[in-house]
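These protein sequence lines are chains E and F, in that order. For the first sequence, our numbering assigns the number 1 to the initial residue and increments by one for each residue that follows. For the second sequence, our numbering assigns the number 85 to the initial residue and increments by one for each residue that follows. Don't be surprised by glycine CBs; every beta carbon is placed ideally from N, CA and C. Predicted, not measured: the structure shown is a model, and the values here were computed from it.
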Amino acid sequence: MTKDELRIAIDRLVEAGDEKMLERFVLDNFAKLPEDAQKEMLFAFYADALEKEADSAVISTIQKEGLDALEKLEGIKIALQEKH
Amino acid sequence: MHAEQLKARKRESIRDPITDEGIGLGARDLSIADIFNDKREQDLFVNHFLPSQDKESARDIVELRRENRALSEQQEQFLEEARIAYNRLRAQAEQVQKHLTPAEIGEMAERDERIKIVAGAIGKEQAAKFLGEHVMGLAVTDTPSFERISGYLKNVHEIRNGRAAAMTDKRVEDRLKKYSITDETFIKAVASASPNEIKRNLQLAVSTQLTGWRAAFSFIVKRYRADKLYASFEEQQKLIEECNTNLVSVAQVLRGTLNPDIRHELQNAALEGKKKVETLEGNVLTVDDYRRVRSEMTPKAIKGRFLAVRDQEVARRFGKDKKWKNTSAAQKNEIENTDLRERFLDKEMQRQNGYKGQGLLINLLRALFASREKMGKMIDSI
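Now the structure itself:
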């Protein structure tokens, strides 16, 4: 598939206005795409997947922060109770 | 920059963008001759990196080299400084490239359906090679995207290497055993009628708790440290009560991290600021945007813009009523000997780089954009 053929096929799908169909088309025809288009699309998919994986670290950060807060709050509470 | 400063800069340690370990330049310490003798390096250095440092100086240097004329001392220094910065950037990109192995593609294919399909279509080895090549170019042509991908890789590297982090769920679970915490706040939040309300309430409960306990916790710690504030028995009691309230609040958020639905909302709440910025950015977000950009980037449109620019240059040089078609051969020759073509191509590349967005549409557009070389051929064919 040349860039021009790809452009025509994509333009047709864009006219249909369905992004999911576009993605399906790109994936189904991936091996036929021009090499630079393959690189560009693969990078986009990979960056997306990587971002999702990186975001999952958020929960672990909250948990670590929460466990640390629990520990400190309990420590303060004990210290205050011992002062009675 | 003086010679000593340049030497010092060369010695400065370079960090691996993913592992943060110090790296050396090694084979990446390319001389100017090495760069100019390699077509790909020359393209990246001359067409992208030098102009990103100083467009005017870059243009002057390219012109002088084309005419085999000597550079001034200042230009030599600029070139040397750029060479060092270029080698350092490329060395960092190489480190990122090293992480993009077939094994990495395999790992990602297990997590992401699209990567799985692509790896099936072209093979993991080819996919890793393509990604690596793309990232090497990206470091120079689109540094923000390179930094974005390096940042994600760094996070992912930390997550994967700190598999212990995955054990945090277990630690949270054990820790919460001593508290009789349920998902009460969150359960209340989802007790209302419509699905939209449920979602809104849940999001509100999550973000209130998440930000609330952080602020309260910091307040308690500060008060506790300021010894005199709880000197009286009443003050001590009050602070103990606050500790209890916040212990429950923190424990509730922690309990939420074990529930898949609440976990999802917590993640959204924590990433909310970032997502807001990302969604608002970009001028290629819809199918209509895609159509508009496509029409701006057809060969006909590009040629049209070049003709207009050329006529402007003719009018500027030879009078406002002059057009290209009614100029003499000598005048045409004069125009052709300017850097009009290169300036036009610079602007077109800037136009391409100015299209931003998220998702499939912008990526398809990027895949379809004509290269500088191809655009050059388009206008040469006029």
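Think of a sphere of 9 Å around the beta carbon of residue 74/E: the chain F residues whose beta carbon falls inside it are 327 and 331, in chain order. Measuring C-alpha to C-alpha distances from residue 132/F to each of 385/F, 261/F, 169/F and 211/F identifies 169/F as the nearest. Neighbours of residue 239/F in chain E, taken as residues whose beta carbon is under 7 Å from its own, are 54 and 57 in chain order.
Its chain contains 13 as the residues whose beta carbon lies nearer than 6 Å to that of residue 25/E, once the 5 sequence neighbours on both sides are disregarded; these appear in chain order. Interface criterion met: the Cβ of residue 7/E is under 9 Å from a Cβ in chain F.
For the 9 Å CB-CB criterion, residue 334/F and residue 70/E form a contact. The Cβ of residue 41/E sits closer than 9 Å to at least one Cβ of chain F. Annotation: the continuous alpha helix (DSSP H) that includes residue 329/F extends over 317-340. No beta strand (DSSP E) of 3 residues or more sits fully in the stretch 98-131 of chain F. Around the beta carbon of residue 162/F, a 10 Å sphere encloses 16 or more other beta carbons of the protein chains shown; the residue is thus reported as buried.
Shown here, residue 441/F sits in a strand according to DSSP, grouped into three states. Runs of alpha helix (DSSP H) with 4 or more residues, each lying fully within the stretch 131-156 of chain F, are found at 134-137 and 139-150, listed in chain order.
Per the coordinates, the alpha-carbon of residue 120/F lies some 30 Å from the alpha-carbon of residue 466/F.
As DSSP reads the structure, residue 368/F sits in a beta bridge with 441/F. From the beta-carbon of residue 341/F, the residues of chain E found nearer than 7 Å are 59, 62 and 63.
At a C-beta separation below 9 Å, residue 82/E has no neighbours in chain F, since its nearest C-beta there lies roughly 10 Å away. The closest CA to that of residue 149/F, considering only 391/F, 117/F, 176/F and 201/F, is found on 117/F. At a Cβ-Cβ threshold of 9 Å, residue 450/F and residue 40/E count as neighbours.
Residue 444/F places its beta carbon less than 9 Å from that of residue 44/E.
Beyond the five residues adjoining it in sequence on each side, residue 383/F comes within less than 7 Å, by CB distance, of 462 in the same chain, given in chain order.
In the structure shown, residue 6/E adopts helical secondary structure according to DSSP, grouped into three states. In summary, residue 420/F is exposed, with fewer than 16 beta-carbon neighbours lying within 10 Å of its beta-carbon over all protein chains present. The alpha-carbon of residue 172/F is positioned some 14 Å away from that of residue 137/F. Residue 80/E is positioned such that its CB atom lies no closer than 9 Å to that of residue 301/F. When rounded, the separation of the alpha-carbon atoms in residue 321/F and residue 345/F is 37 Å.
Of the other Cβ atoms in all chains shown, fewer than 16 fall within 10 Å of the Cβ of residue 21/E; this residue is therefore exposed. About 7 Å separates the CB atoms of residue 30/E and residue 206/F; that is less than 8 Å, so the two are in contact.
Judged by beta-carbon spacing, residue 174/F lies beyond the 9 Å limit of residue 115/F, meaning their Cβ atoms are not closer than that value.
Distance from the Cα of residue 216/F is smallest, within the candidate group 417/F, 239/F, 204/F and 234/F, for 234/F. Taking every protein chain shown into account, the CB of residue 60/E has 16 or more other CB atoms within 10 angstroms, so this residue is buried. As for any alpha helix (DSSP H) of minimum length 4 sitting wholly inside the stretch 185-215 of chain F, the runs are 186-195 and 197-206, ordered along the chain.
In the three-state reduction of the DSSP assignment, residue 225/F falls in the helix class, which pools H, G and I. The continuous alpha helix (DSSP H) containing residue 417/F extends over residues 413-420. Collapsing the DSSP output to three states places residue 34/E in coil.
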